[in-house]
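What follows is one structure encoded as structure tokens, with my remarks underneath.
Number of protein chains: 2
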Amino acid sequence: MPAQMSETAKLSHQLVELYEKLSSWEQDVVKNSGLSTAQMHTIEIVGHGAHGGGALRMKDLAKKMGVTTGTLTVMIDRLEQQELLKRTPHETDRRSYLIALTEKGQGLFNEHHQYHLRLTEEITATLSTEEQALFSGVLEKVIGQM
Amino acid sequence: MPAQMSETAKLSHQLVELYEKLSSWEQDVVKNSGLSTAQMHTIEIVGHGAHGGGALRMKDLAKKMGVTTGTLTVMIDRLEQQELLKRTPHETDRRSYLIALTEKGQGLFNEHHQYHLRLTEEITATLSTEEQALFSGVLEKVIGQM
DNA sequence: ACAAACATCTTGACATTCAAACTATATCCC
DNA sequence: GGGATATAGTTTGAATGTCAAGATGTTTGT
Numbered sequence: 004m005p006a007q008m009s010e011t012a013k014l015s016h017q018l019v020e021l022y023e024k025l026s027s028w029e030q031d032v033v034k035n036s037g038l039s040t041a042q043m044h045t046i047e048i049v050g051h052g053a054h055g056g057g058a059l060r061m062k063d064l065a066k067k068m069g070v071t072t073g074t075l076t077v078m079i080d081r082l083e084q085q086e087l088l089k090r091t092p093h094e095t096d097r098r099s100y101l102i103a104l105t106e107k108g109q110g111l112f113n114e115h116h117q118y119h120l121r122l123t124e125e126i127t128a129t130l131s132t133e134e135q136a137l138f139s140g141v142l143e144k145v146i147g148q149m
Numbered sequence: 004m005p006a007q008m009s010e011t012a013k014l015s016h017q018l019v020e021l022y023e024k025l026s027s028w029e030q031d032v033v034k035n036s037g038l039s040t041a042q043m044h045t046i047e048i049v050g051h052g053a054h055g056g057g058a059l060r061m062k063d064l065a066k067k068m069g070v071t072t073g074t075l076t077v078m079i080d081r082l083e084q085q086e087l088l089k090r091t092p093h094e095t096d097r098r099s100y101l102i103a104l105t106e107k108g109q110g111l112f113n114e115h116h117q118y119h120l121r122l123t124e125e126i127t128a129t130l131s132t133e134e135q136a137l138f139s140g141v142l143e144k145v146i147g148q149m
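One line per chain: the protein sequences are P and E, in this order.
Heads up: take any position in the first sequence, counting from 1, add 3, and you land on our numbering.
Heads up: take any position in the second sequence, counting from 1, add 3, and you land on our numbering.
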């Protein structure tokens, strides 16, 4: 089915392009913060966890980020040195820590979140309200498929 | 405008989520290839360049990837050792090389491209033909805004 | 209470990355 | 043409990121 295939190829290309652009946008934004992208990514995940399901343990955070706990140990060490986040003992499991943002880290997260909102506004500026709702609906389906 | 704002916040969150999922999907796929994600990314850019505008110089490739030329030198060294791509002298500028895929590299690129197509098919499986076309149209606008 | 499983940290070995210094070539300007 | 300047790529040194394997302390199941 060549017609169908060609539509898939087009969409695939667009997804790659979107990904590339988001990636380089994020790199540019992060560059001005003094952190590496990996460090900012950690801040983002921890910050999001704080909104959603609460503080994460090292293991869960590592899994979510796709790295080993050994990698995460030094990452958290560095961010803790910069007072952006902190380890607090798990209440019932003394092997575990819960990783949470400090006030300073929360501030950085909020600031970065604002950048995301601004980017989203920019890239949806040409869409009508209906198109935005539609885009959102399709994204929900697409994300659900992954 | 809180209603408008809330829609933007939702879209922003969805974009982040899409990005995260694409990212971890790519990591999983690449893991089984023996290359790092950065190396596969290089293969992808060079491969795409080959379709579009022809072979790239080191400097252009570095810019496209958001790394310094120093970083790219060792990246290309490694990929050349693995015979996935090669430097060829620039015809008129003897300071420059043109970076191109070898046959082996082209094979890897094609294989990876197939993975992308398959993923795209999967994640659009629940969309009707109209929704797909609509999604594609919105993506085009969005990408154009970046 | 004891063994097995678990969560984290530490260590050692590489890979990745950048900025800055360096080499070779190209371009500009007189 | 020829010297000054700019550019392309490489090399170097230092910091960061990464993993696998082993060590330590904790929890769980029996």
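Every residue gets a Cβ at the ideal spot worked out from N, C-alpha and C, and that includes glycine.
- Using beta-carbon distances, residue 42 of chain P does not count as an interface residue toward chain E, since no partner is under 8 angstroms.
- At a cut-off of 8 angstroms between C-beta atoms, residue 30 of chain P counts as an interface residue with respect to chain E.
- When the Cα atoms are used, residue 37 of chain E and residue 120 of chain E turn out to be separated by approximately 21 angstroms.
- The secondary-structure analysis by DSSP pairs residue 103 of chain P across a beta bridge with P/89.
- When secondary structure is reduced to three states using DSSP, residue 142 of chain E falls in the helix class.
- Against residue 69 of chain P, the close residues of chain E are 26, 27, 30 and 31, in the order they occur along the chain (beta-carbon pairs closer than 9 angstroms).
- The residue among E/46, E/23, E/85 and E/75 with its C-alpha nearest the C-alpha of residue 103 of chain E is E/46.
- No residue range can be given for residue 129 of chain P, since it is assigned to no alpha helix (DSSP H) and is classified by DSSP as neither H nor E.
- Interface flag for residue 126 of chain P against chain E is set, since a Cβ pair is found closer than 8 angstroms.
- Across the set E/94, E/135, E/18 and E/108, the C-alpha of E/135 shows the shortest separation from the C-alpha of residue 15 of chain P.
- Between residue 75 of chain E and residue 64 of chain E, the C-beta spacing is below 8 angstroms.
- Residue-level contact by beta carbon holds for residue 138 of chain P and chain E, with a gap shorter than 8 angstroms.
- Segment contact: the segment 128-146 of chain P against the segment 15-26 of chain E, three or more CB-CB distances shorter than 8 angstroms; contact assigned.
- The C-beta distance from residue 87 of chain E to residue 71 of chain E rounds to 21 angstroms, too long to fall under 8 angstroms, and the pair is not in contact.
- Looking at the DSSP output, residue 59 of chain E bridges to E/102.
- With respect to the 8 angstroms criterion, residue 69 of chain E and residue 27 of chain P are classified as neighbours on the basis of their beta carbons.
- In this structure, the alpha-carbon of residue 126 of chain P lies about 27 angstroms from that of residue 40 of chain E.
- Residue 35 of chain P carries a coil assignment under DSSP once its states are collapsed to helix, strand and coil.
- Residue state for residue 23 of chain E is assigned as helix, using DSSP reduced to three classes.
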